[in-house]
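S.K.: Quick one: the structure is below, questions incoming.
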Amino acid sequence: MANDTKAPRYLLPKPTRRGYEVMPGWGLVEFGLIGAGAGVGAALALGVHLIGLPIPLVGVFGILPVAVAGFLAFPPPTGEPMYRQVQGAWDYLHRPRVIVYDWSAGDD
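Numbering (the numbering used here), first residue to last: 6 to 113.
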């Protein structure tokens, strides 16, 4: 009975995401990125096709924007999707920096 003193167990809530998730880790923003990539790819493929370039090149111009959007939207197993990392870096770089300096302190 002397060793029955266990540390209390606390239940930690799972972090929640703002917004609607269609699938785990995939919300409307991620599907919007894929849709925008598909739209840009279709427009580029049509433009390249109208110029008269070969079909394989048309396929590359059509698939490349979708692949880039998928890379930006795909959530890795242990972190945030790339578009959120880019957005966080942008916010950090454009944040005003305040450096606190004590003018009354001496130069000792």
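We put the CB at the ideal spot given by N, CA and C, even for glycine.
Here the structure is a predicted model, which means the values were calculated and not measured.
Pairs of beta-carbons, one from the stretch 31-50 and one from the stretch 67-81, closer than 8 Å: are there three or more?
M.R.: In short, these stretches touch, since the Cβ pair count reaches three.
S.K.: By the DSSP assignment, the beta strand (DSSP E) with residue 3 in it spans what residues?
M.R.: Any answer about residue 3 is impossible in this case: the structure gives the chain only from 6 up to 113.
S.K.: Per DSSP, which one or two residues make a beta bridge with residue 31?
M.R.: Partner(s): 28.
S.K.: Can you grab the Cα-Cα spacing for the pair residue 91 / residue 102, in whole Å?
M.R.: So the alpha carbons of these two residues sit roughly 19 Å apart.
S.K.: Roughly how many angstroms separate the alpha carbons of residue 62 and residue 52, rounded to a whole number?
M.R.: About 11 Å.
S.K.: Which class does residue 110 belong to by DSSP, given the choice of helix, strand or coil?
M.R.: Three-state result, residue 110: coil.
S.K.: Once the 5 residues before and after residue 35 are set aside, which same chain residues still bring their CB inside 6 Å of it?
M.R.: Answer for residue 35: 78, listed in chain order.
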